[in-house]
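Residue numbers (our numbering): 42 to 299.
Backbone N, C-alpha and C define an ideal beta-carbon position, used for all residues, glycine too.
Let me begin by presenting the structure, written as structure tokens, before commenting on it.
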């Protein structure tokens, strides 16, 4: 199976794309590739793979003897794209207009992985929380630059990108990664105990609670001003016809309080 793994790597076929082509989970692909002989694969999956690679049989010699040319690479890519229902499946859920092929593939790959995580019965609840937290991070991406640095750091430590790659603010990203590395090194090496960090975590919780209280206070204040604006204009609710007028009135009421 070493020859097959090497061939897939040379062709640039990721485990995610191969899993979608074979219509199995990514973990199942890893399981297949760990088998010592392709003939131990399920027959229908073996046939699909051989069809993709355009070979008659899957013995080690046949696979290792494949010469990768530009024509062969393009032919495999074409067969792979036909077998993977990326765009057709995604178009039924998302409007993909304005996105190039690479961006469409990225969305498809992310969605496939998220679905796989949520369908994993052994980790269903924890994965659901993890995916929810990831959703929260994406929602806050524009307002919290450190989220980008965290994602970049994780991509580097897991070997997906070069550790010297800086696509955001290089100075800030460099400093953040250095601090995060020090903190995680301390954590992984059995650093300070929970008891010693209790006060620090308490301040962490208090700071978040204070921010939430301030946010709630601002929301309540805005609701009060909105109600006042509706009352002064003689409306019961905001709609498309009166929205601009009401927002202008809200701004006016806010200026009175300055």
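Neighbour-count burial assignment, residue i, 16 or more Cβ in a 10 Å radius
| i | result |
| --- | --- |
| residue 117 | buried |
| residue 260 | exposed |
| residue 226 | exposed |
| residue 249 | exposed |
| residue 228 | exposed |
| residue 70 | buried |
| residue 61 | buried |
| residue 129 | With a pLDDT of 48 at residue 129, under the threshold of 50, the predicted position of this residue should be treated as unreliable, and no value is reported. |
| residue 127 | For residue 127, the pLDDT reaches just 49, beneath the cut-off of 50, and the residue's location in the model is therefore unreliable, although a value from the coordinates is still provided. Residue 127 comes out buried. |
| residue 109 | exposed |
| residue 146 | buried |
| residue 73 | buried |
| residue 149 | buried |
| residue 94 | buried |
| residue 49 | buried |
| residue 125 | buried |
Span of the alpha helix (DSSP H), counted from its first residue to its last, around residue i
| i | result |
| --- | --- |
| residue 49 | 43 to 52 |
| residue 202 | Premise fails: residue 202 is in no alpha helix (DSSP H) and is neither H nor E. |
| residue 182 | Where residue 182 is concerned, there is no enclosing alpha helix (DSSP H), given that its DSSP letter is neither H nor E. |
| residue 150 | 142 to 160 |
| residue 9 | With the chain covering 42 to 299 only, the question about residue 9 has no answer from this structure. |
Helix, strand or coil at residue i [DSSP, three-state]
| i | result |
| --- | --- |
| residue 282 | coil |
| residue 232 | coil |
| residue 76 | coil |
| residue 209 | coil |
| residue 166 | helix |
| residue 110 | coil |
| residue 125 | coil |
| residue 137 | coil |
| residue 194 | helix |
| residue 301 | An answer regarding residue 301 cannot be provided, because it is not within the stretch 42 to 299 covered by the chain. |
| residue 241 | helix |
| residue 277 | coil |
| residue 8 | The chain is shown from 42 up to 299; residue 8 falls before or after that span and cannot be answered. |
| residue 66 | coil |
Stretch-stretch touch, CB-based, cutoff 8 angstroms, three pairs: the region 215 to 226 with the region 185 to 192: yes
Any 3 or more C-beta pairs closer than 8 angstroms across the region 287 to 296 and the region 266 to 274: yes
Could you tell me whether the region 72 to 82 touches the region 137 to 154, where touching means 3 or more Cβ pairs closer than 8 angstroms? no
For the pair the region 46 to 66 and the region 82 to 93, tell me if three or more CB-CB distances fall below 8 angstroms. yes
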